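Residue numbers for the sequence shown follow the working numbering, so the first one is 4 and each next one is one higher. The block underneath contains the structure these notes are about, expressed in structure tokens.
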Amino acid sequence: MAIEGINTFEEQAEFFFGIKKVAECTSTLQKGLKELEQLNSAGLSQNQAFPLLIWSVIDLLSRYHSGQLENQGSMVRIKKFLKEFLRHDRRDTQTLLLFRNAVSHSVSLFAFDASSKREIRFRLTKEGPLVLQETQVRFAINTKEFYNRLNESIEKYNKEVLTSIELQKRFQKVFKKLGYIQ
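Have a look at this one:
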């Protein structure tokens with residue numbers, strides 16, 4: 004189903020990134036960002052739902068970036084997106100991916116690191132660096148900083164997709180399936 008007035012790549016990108024509004028529907032990105040803002044405004048950035056929603060938005064963006072609609076290979080796709088668009092210390096990439104698993108699959112915020120064969124625990128904070136290693140197996144994640152960097156990554160991806168024909172083709176492929184919610 005096509006949205007009236009949203010046919011070209013330019014129109015799709017403007018709608019997706021929130022520049023152009025359509026009365027009868029919302030872009031999937033804007034829905035995720037609106038819900039994040041609602042949680043943030045309610046003082047719930049330390050609630051596990053907040054980083055889980057950040058990861059959902061990153062997953063969505065990684066699908067657009069890669070052009071992949073399948074769930075298989077999601078970690079590879081997300082890792083590529085993080086490396087290319089999320090400002091962070093590259094040494095923290097694996098820790099961030101473990102954090103994604105902890106937020107997604109464990110109420111107690113733990114993940115098993117297969118490479119070190121250790122259980123890693125996380126806590127949420129709104130101070131300090133994005134990732135703070137407290138012990139060998141405990142990390143603090145600054146959800147406020149994570150949110151800010153998500154927004155930076157969206158801006159960076161938006162600029163990149165506007166200048167790359169290949170990224171535009173991938174974007175349009177995913178937009179057809181995941182572009183909007185009515």
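Glycine included, C-beta positions come from ideal geometry on N, C-alpha and C. In this text the structure is predicted, and so the values were computed from the model without any measurement.
* Spatial distance of Gln71 from Ser59 (CA atoms) -> Counting only the Cα atoms, Ser59 lies some 15 Å from Gln71.
* Where the alpha helix (DSSP H) containing Asn151 begins and where it ends -> Thr146 to Thr166
* Could you please give the first and the last residue of the uninterrupted beta strand (DSSP E) stretch that includes Leu127? => Arg121 to Thr128
* Taking just the CA atoms, how far does Lys129 sit from Phe174? -> Computed Cα separation, rounded: 33 Å.
* To do: Please classify Thr31: does DSSP put it in a helix, a strand, or coil?
  => helix
* Minimum C-alpha distance to Val140 - residue among Asn151, Phe102 and Ser156 -> Phe102
* Kindly indicate which three-state DSSP category Val134 falls into: helix, strand or coil? => strand
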